[in-house]
Amino acid sequence: MAGSWTLLPLGWRVVSKINQIIREEINAIGGQEMLMPLLHPKEIWNETGRWDTATDIMYKLKDQRDREYALSFTHEEIVMDLLRKHIQSYQDLPVALYHFSTKFRNEPRARSGILRGREFLMKDLYSAHVSEEDLMDFYEKVKDAYKKIFTRLGFTYRVTEASGGVFTDKHTHEFQVLTESGEDSVYYCSNCDWGVNHELVGENPPKMCPMCGKQSVVQSRAIEVGNIFPLGTWYAEKMNAYFTDNKGQQKPMWFGSYGIGPSRVMGALVEVSHDENGIIWFPQIAPFDAHLISLPGGEEQASAVYKKLTEQGIDVLWDDRQISAGTKFSDADLIGIPWRFVVSQKTGEKIEVKKRNEKEVKILSMKDVLELLISSS
Ligand code: ATP
Ligand code: MG
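Remember, the numbering used here sits 41 above the position in the sequence shown when you count from 1.
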């Protein structure tokens, strides 16, 4: 049905690579990976009142004995419950926990494929702190980690100020990939870092940048790929998550949450890098490094090439199907793996080499192919 997707093996390889980039950067700022449940009792959502206020987005269900549950659309309440059970004193803080898992959201418009699923993947990170200062210090670290992640993924993006939706009254920061196919609209300064979501400025966007003063505000369509929320003490107060400070007083924890949608990220990568024949994956997240096509008379050579490349740690997808060359070539373009190698009776001991994003074809020896791959990685 619309909004509910299977990720096939090639897509899953891409998502796994995206996840690994996210994981490395979140671990580098002290995040600890874990895994939380998706089926939540109604009672925990009543503690913050979100059982009643997040009704548009939340899937609710009843079991055979009339017990009510929510399918997770986010995990603030679950993390708060963990924190109040495990954190006693200021010495237990700060803490930063995250997981990769499914989110369920009753999206009214699930028309954009994996860009807007009714169940989708999210990396969500949560942090708890003794003070607002410590929270905001970590918030800036997450912002920097996100910048590294989206740069490593190959995006042209902007950080924009946005509203907090069902999460908070405070302003938040979104990471917006600039592309005409995006659902969001953002304004940003082409001279400095300032940016804002259309929803915050409505019909009256500034012409002059409020940060640098230049007449350099421009508008773009965009896809939101990440969002960070400085939530404050609201959740801790609602859910009674207090710690003892260094003067022996009970204080509510300062809390933040930070999301990235890896499945939407994959969709956004396709939006920004494709041509009329298919996807053009950036090498760092491509499902395989090389796409090997064997044509009649080239089977033995293909087997040797496959073995040699694989031994060097290069991931090769070998198309050894007994079908027309034309179909193999068009499938290679569609799938979008960065390097295409063809071996046939015609190429003999050599290999025909082409990059997905270039027109030029070269005939090289195995040794030259290896050098080329190593020098370009
Ligand atoms: P949107 O405004 O696009 O509906 P959101 O602001 O509700 O998204 P957040 O709650 O900030 O989303 O979720 C964090 C991240 O999860 C988003 O930045 C996005 O990458 C991803 N995400 C959110 N909703 C979806 C969805 N329906 N399908 C796929 N990814 C999603
Ligand atoms: Mg958001």
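Cβ coordinates follow ideal geometry from the N, Cα and C atoms, glycine included.
Taking the alpha-carbon of residue i as reference, which of the options has the nearest alpha-carbon?
i: tryptophan 359; options: Lys408, Gly367 and Asp330; result: Asp330
i: proline 303; options: Gln353, Lys164, Leu134 and Val237; result: Lys164
i: tyrosine 276; options: Lys211, Phe296, Arg362 and Phe270; result: Phe296
i: lysine 211; options: Met177, Leu123, Ile321 and Asn398; result: Met177
i: glycine 70; options: Ser172, Lys182 and Ile269; result: For the record, residue 70 in the displayed sequence is isoleucine; it is not glycine. Closest option to isoleucine 70, Cα to Cα, is Lys182.
i: phenylalanine 191; options: Asn245, Leu124 and Ile301; result: Ile301
i: methionine 42; options: Glu65, Leu336, Val394 and Ala151; result: Ala151
i: glutamate 399; options: Lys408, Ile415, Asp374 and Val383; result: Asp374
i: valine 313; options: Leu219, Asp409, His116 and His140; result: Leu219
i: lysine 395; options: Thr388, Pro379 and Ser406; result: Pro379
i: leucine 411; options: His116, Asp361 and Thr351; result: Thr351
i: glycine 205; options: Glu240, Gly195, Val171 and Arg64; result: Glu240
i: lysine 103; options: Asp97, Lys279, Lys83 and Ser172; result: Lys83
i: glycine 223; options: Asn238, Asn232 and Cys233; result: Asn238
i: isoleucine 334; options: Ala366, Pro324, Gly319 and Phe208; result: Ala366
i: glutamate 148; options: Met121, Ile128 and Phe114; result: Phe114
i: asparagine 32; options: Asp356, Gln260 and Gly289; result: For the chain, the structure presents residues 42 to 418; residue 32 sits outside this window and is missing.
i: alanine 137; options: Gly44, Asn232, His127 and Gln73; result: Gln73
i: valine 383; options: Leu310, Glu393 and Ile376; result: Glu393
i: glutamate 278; options: Ile63, Arg125 and Trp322; result: Arg125
i: glycine 236; options: Leu156, Asp225 and Val258; result: Val258
i: leucine 156; options: Gly319, Trp92 and Val311; result: Val311
i: histidine 322; options: Arg381, Thr201, Asn287 and Tyr139; result: One detail in the question is off: residue 322 reads as tryptophan in this sequence, not histidine. When each option's Cα is compared against that of tryptophan 322, the closest is Arg381.
i: threonine 197; options: Gln129, Ser153 and Val266; result: Val266
i: asparagine 287; options: Phe141, Gln129 and His140; result: Gln129
Pull up the distance between the alpha-carbon of residue i and that of residue j, whole angstroms please.
i: histidine 332; j: aspartate 316; result: 18 Å
i: arginine 305; j: glutamate 390; result: 42 Å
i: alanine 169; j: leucine 112; result: 24 Å
i: serine 57; j: lysine 184; result: 22 Å
i: leucine 51; j: glutamate 401; result: 26 Å
i: tyrosine 167; j: valine 242; result: 28 Å
i: valine 346; j: lysine 369; result: 18 Å
i: threonine 47; j: cysteine 250; result: 43 Å
i: aspartate 274; j: asparagine 87; result: In the sequence as displayed, the identity of residue 274 is threonine instead of aspartate. Taking the straight line from one Cα to the other gives about 17 Å.
i: glutamine 363; j: phenylalanine 161; result: 36 Å
i: leucine 123; j: threonine 89; result: 15 Å
i: serine 406; j: glycine 354; result: 19 Å
i: glutamine 256; j: asparagine 268; result: 27 Å
i: lysine 292; j: alanine 203; result: 29 Å
i: proline 328; j: glycine 195; result: 15 Å
i: leucine 272; j: glutamate 174; result: 13 Å
i: methionine 280; j: valine 207; result: 17 Å
i: valine 357; j: lysine 189; result: 28 Å
i: lysine 144; j: arginine 159; result: 8 Å
i: arginine 193; j: lysine 408; result: 29 Å
i: glutamine 105; j: isoleucine 119; result: 24 Å
i: arginine 397; j: leucine 414; result: 14 Å
i: serine 172; j: phenylalanine 179; result: 11 Å
i: asparagine 232; j: methionine 77; result: 42 Å
i: proline 24; j: asparagine 60; result: Nothing can be reported for residue 24: it is not among the residues displayed for the chain, which extend from 42 to 418.
i: glutamate 221; j: valine 227; result: 11 Å
i: lysine 349; j: isoleucine 326; result: 22 Å
i: cysteine 253; j: isoleucine 85; result: 45 Å
i: isoleucine 376; j: threonine 209; result: 41 Å
i: arginine 91; j: histidine 116; result: 12 Å
i: asparagine 318; j: arginine 199; result: 28 Å
Within 10 angstroms of its Cβ, does residue i collect 16 or more other Cβ (buried), or is it exposed?
i: histidine 81; result: buried
i: isoleucine 404; result: exposed
i: histidine 214; result: buried
i: leucine 53; result: Here residue 53 is tryptophan; the residue named in the question, leucine, does not match the sequence. Exposed.
i: proline 247; result: exposed
i: glutamine 342; result: buried
i: arginine 108; result: exposed
i: proline 135; result: buried
i: glycine 338; result: exposed
i: leucine 49; result: exposed
i: methionine 121; result: buried
i: glutamate 340; result: exposed
i: histidine 127; result: exposed
i: glycine 289; result: exposed
i: threonine 96; result: exposed
i: threonine 94; result: exposed
i: threonine 388; result: buried
Beta-carbon of residue i versus every beta-carbon of chain C: anything under 9 Å?
i: glutamate 118; result: Absent from the structure is chain C; it holds one protein chain and no more.
Can you round the beta-carbon distance between residue i and residue j to whole angstroms, since I take them to be within the 8 Å contact cut?
i: alanine 263; j: glutamine 217; result: 4 Å
i: tyrosine 100; j: phenylalanine 284; result: About 33 Å separates the two Cβ atoms, so there is no contact after all.
i: tyrosine 299; j: phenylalanine 270; result: 7 Å
i: methionine 307; j: valine 55; result: 5 Å
i: isoleucine 98; j: arginine 146; result: 5 Å
i: serine 371; j: leucine 336; result: Contact flag wrong, Cβ pair sits at about 14 Å.
Any residue whose CB is nearer than 6 Å to a heavy atom belonging to ligand 2, listed in chain order:
Glu215, Glu265 and Asn268
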